[in-house]
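A short write-up of the structure that comes next.
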Amino acid sequence: MTQNIIIAKNLKESLKGILNNLKCDNPFVLCDENTVKYIDELGLDNKTIITINSGESNKNLETACKIWNQLDNLNVNRNSILINFGGGMISDIGGFCASVYKRGIRFINIPTTLLGAVDASIGGKNGIDFENNKNEIGTFNLPYCTIISKIFYKTLSKEELLSGYGEMIKHSILFDKEEFFKLLKYDITKYDDRLISFIKNSVKYKDKIVSEDFKENSKRKLLNFGHTIGHAIESYQLEISKPLYHGYCVVYGILLEMIISNLLYDFSMEIIDEFSKYIKKNYGSYIIDNPKEIISRLIKDKKNKDDSKINFTLIDKDFNPIIDNYLDKDILEMIEIFNQKMKK
């Protein structure tokens, strides 16, 4: 099940051609208060705009209900098309709302952030957070297509760029360790052709894995690397009202899961030290000062089979990823090593 992904040289022309093929002359556009400012970049003469509040804290059931109410009031039917125009939060909640409204309407993702382009808009995972647990409720459902355009990247803060870059780093570790070291040396703010090449490689890899295992029964679990702990950190930071960018949580999760990989599979401590230095320089240090809170969220992770063990994707010394590593709840030793790396 390969996803239709378009790296657009001209966003307006690409979108116009798709809507003409679908015979849709009045699409519904979901955006937030930030991306609505760039709505003219879509080049749509006729459109109906639905605007929601931005931020992960609004990716919840309350916002989903507001979207469904507006779709209902606008008489949206199963032949309608919803364009999710925004970052990862918009792709997640927009895809979820479209997937279940009237048992499913078509949707298109147009990510405006690097994170949205390489992660949320690719793979057909849609969802909302529930009870401070990341993506607790959701669906597997591919968009009609995803259109990626670099014209929005210069509108992003360095933090938003780094957030998307965190997912690209994860992909490189899983499929090409040489690319991993290239990414560590690249300046994400350059916006040059190398960035587009890195993005294409990242998207290509994720789409290949998804096409081979759409419902995450086996191989797609590889993409959970860094996310088991990353999501726990992200959920915890949301609960204490100090949210962190998703990609930041992912790189912290990657580092901690590298440390676990070192203990179990002899993954290189030298590389761990190099990566920890890179993180501190670019993402800043992060100390897990409440390990029990993080572990309690790990126990609730939807990938676990029961509440006695935590399911991790790890890597061996040759960068080969290994799925379904079930560890006991007590990982305090690994967390302490992580904190030491962040302090140095």
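Numbering of the sequence shown is given in this note's numbering, commencing with residue 223 and proceeding in unit increments. Note that beta-carbon positions come from the ideal geometry of N, C-alpha and C, so glycine has one too.
*Nearest to T377 by CA position, among K527, E263, I228, is which residue?*
E263
*Using 10 angstroms around the beta-carbon of G308, count the other beta-carbons present and answer buried if the total reaches 16, otherwise exposed.*
buried
*Can you give me the start and stop residues for the alpha helix (DSSP H) that E558 sits inside?*
554-565
_Taking the alpha-carbon of K539 as reference, which of F352, I494, I373, G360 has the nearest alpha-carbon?_
I494
*When you compare only the Cα positions, how much space is there between E255 and S433?*
33 Å
*Counting only runs of 4+ residues fully inside the region 390-473, write out the alpha helix (DSSP H) ranges in chain order.*
399-407, 415-434, 449-461
*As assigned by DSSP and simplified to three states, the class of G349*: strand
*Determine the burial state of R325: buried for a count of at least 16 other Cβ atoms within 10 Å of its Cβ, exposed for fewer.*
exposed
*Using 8 Å as the Cβ pair cut-off and three pairs as the minimum, do the region 394-404 and the region 351-368 touch?*
no
*Straight-line Cα distance separating N533 from L477*: 16 Å
*Take G310 and list the residues in its own chain whose beta-carbon comes closer than 8 Å to its own, dropping the five residues that flank it on each side.*
P333, T335, L337, G338, D341, A342, S343, H468
*Identify the residues that DSSP records as bridge partners of F374: which are they?*
According to DSSP, F374 bridges with nothing at all.
_Buried versus exposed call for K499 [16 or more other C-beta atoms within 10 Å across all chains shown]_ = exposed
*So who's on the other strand from K531, going by DSSP bridges?*
D550
*For E358, which of helix, strand or coil comes out of DSSP?*
strand
*Which residues mark the beginning and the end of the beta strand (DSSP E) in which C253 is found?*
250-254
_7 Å CB neighbourhood of Y508 in its chain, flanking five on each side removed_ = Y474, M564
_Assuming P513 is part of the alpha helix (DSSP H), what are its boundary residues?_
513-521
*Same chain, Cβ closer than 6 Å to A320, neighbours up to 5 away in sequence not counted*: L304, I327, F329
*When DSSP labels each residue in this structure, what does G308 get in the three-state scheme?*
strand
*Give the straight-line distance between the Cα atoms of K524 and D267, rounded to the nearest whole angstrom.*
43 Å
*Report the rounded CA-to-CA distance for K234 versus G265, giving the unit in angstroms.*
5 Å
*Alpha-carbon spacing of S457 relative to K392, whole angstroms*: 19 Å
_Here's the rule I'm using: 16 or more other beta-carbon atoms within 10 Å means buried, otherwise exposed. How should L241 be labelled?_
buried
*Identify every residue that forms a DSSP beta bridge with L536.*
I544
*Distance, Cα to Cα, D546 vs G239?*
43 Å
*Would you give the residue range spanned by the alpha helix (DSSP H) that T285 belongs to?*
283-295
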